[in-house]
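Below: one structure, written as structure tokens.
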Amino acid sequence: LAKTTQPISMDSYEGQEVNITCSHNNIATNDYITWYQQFPSQGPRFIIQGYKTKVTNEVASLFIPADRKSSTLSLPRVSLSDTAVYYCLVGDFSGSARQLTFGSGTQLTVLP
Amino acid sequence: NAGVTQTPKFRVLKTGQSMTLLCAQDMNHEYMYWYRQDPGMGLRLIHYSVGEGTTAKGEVPDGYNVSRLKKQNFLLGLESAAPSQTSVYFCASSDQTGDNEKLFFGSGTQLSVL
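Top to bottom, those sequences are chains A and B. Per my numbering, residue 4 is the first one in the first sequence, and the count goes up by one each step. Per my numbering, residue 267 is the first one in the second sequence, and the count goes up by one each step.
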């Protein structure tokens, strides 16, 4: 199982770009990297998923270097409503094993 | 489209009591999961299912049992509750679309064991 390591917390100001990095040194060949966002008293919500290089959607970008031992979630121009816990999840979706284990997450606090 | 629905939302048990948490999804997903989340911590996988009639152990399965008799439902049982099982329980479901797979979570069940 790929173990993930993230910073415990980060602070940012409104309008800034925020980059959260996740380390996953023992990532396996078939593993994908997925990021989730969680607000208090809610279940996590999918943000973005990728395998290699760069992926972009309407809310975020995901950068994955060639060795895939880390990944960076980039949130452009954050607002107060982006204050949440962000989780990096590394897992293999190709087989029947679904040991999808989350790390401890990063508490992002956006300040006015 | 309700997505993933968990019942109940809150429950208080006494040590030794039993209960069942119900998770229902209306997205026809193959895979379903039960996680627990303790204060200030990430989610830990209890059990999961890769299809109707199948279950498998996750990271922290002790003290819990599960059943997936119908594709849309995944039940989590506590036979003899202990204070260490006080937690927020989240159910999730997923299905693979091409190379992507997203987890869809319910809103959680807050369980307190006294």
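Glycine is no exception: its CB is placed at the ideal position from the N, C-alpha and C atoms. As the structure is a prediction and not an experimental result, all values here were calculated from the model.
In whole angstroms, what separates the C-alpha of residue 331 of chain B from that of residue 40 of chain A?
Between residue 331 of chain B and residue 40 of chain A, the C-alpha separation is close to 28 Å.
Going along the chain, which residues of its own chain have a beta-carbon closer than 7 Å to the beta-carbon of residue 368 of chain B, five neighbours each way excluded?
The residues are 360.
Among the candidates B:275, B:328, B:282, B:273, whose CA atom is the shortest distance from the CA of residue 379 of chain B?
Residue 379 of chain B has its Cα closest to that of B:282, out of B:275, B:328, B:282, B:273.
Assuming residue 296 of chain B and residue 316 of chain B are in contact, meaning their beta carbons sit under 8 Å apart, how far apart are those beta carbons, in whole angstroms?
Rounded, the Cβ-Cβ distance is 7 Å, consistent with contact.
For chain A, is any of its Cβ atoms less than 8 Å away from the one on residue 293 of chain B?
Output row for residue 293 of chain B: interface = no.
How far does the beta strand (DSSP E) with residue 290 of chain B in it reach, from first residue to last?
Note, residue 290 of chain B: beta strand (DSSP E), 285–291.
Along the chain, where does the beta strand (DSSP E) containing residue 368 of chain B start, and where does it finish?
It spans 366–371 - the beta strand (DSSP E) in which residue 368 of chain B sits, taken as one unbroken run.
Could you tell me whether any Cβ in chain B is nearer than 8 Å to the Cβ of residue 42 of chain A?
No, no contact with chain B.
From A:96, A:65, A:81, A:80, pick the residue whose C-alpha is nearest to that of residue 74 of chain A; which is it?
That would be A:65, whose Cα lies nearest to the Cα of residue 74 of chain A.
With burial defined as no fewer than 16 other Cβ atoms inside 10 Å of the residue's Cβ, what is the status of residue 348 of chain B: buried or exposed?
Exposed, because fewer than 16 other Cβ atoms sit within 10 Å of the Cβ of residue 348 of chain B.
Should residue 80 of chain A go down as buried or exposed, given a rule of 16 or more other Cβ atoms within 10 Å for buried?
When all chains shown are included, residue 80 of chain A counts as exposed.
State whether the region 268–285 of chain B contacts the region 27–40 of chain A, with contact taken as three or more CB pairs (one from each stretch) at a distance under 8 Å.
The region 268–285 of chain B, when compared against the region 27–40 of chain A, does not touch it at the 8 Å Cβ threshold.
Looking only at its own chain, which residues have a Cβ that is under 7 Å from the Cβ of residue 56 of chain A, when we skip the five neighbours before and after it?
These residues qualify, in order along the chain: 67.
Consider the Cβ of residue 373 of chain B: report whether some Cβ of chain A lies at a distance smaller than 8 Å.
Residue 373 of chain B counts as touching chain A.
Is the CB of residue 89 of chain A under 8 Å away from at least one CB in chain B?
No - not a single Cβ of chain B is within 8 Å of the one on residue 89 of chain A.
Can you tell me whether DSSP reads residue 346 of chain B as helix, strand or coil?
Correct three-state label for residue 346 of chain B: coil.
Do residue 101 of chain A and residue 301 of chain B have their CB atoms nearer than 8 Å?
No, the pair does not count as a contact, with Cβ atoms beyond the cut-off.
Drop a sphere of 10 angstroms on the beta-carbon of residue 305 of chain B, count the other beta-carbons inside from all chains shown, and report buried for 16 or more, exposed for fewer.
Counting Cβ neighbours within 10 Å, residue 305 of chain B comes out exposed, since fewer than 16 surround it.
Is there a Cβ of chain B sitting closer than 8 Å to that of residue 101 of chain A, yes or no?
Yes - at least one Cβ of chain B is within 8 Å of the one on residue 101 of chain A.
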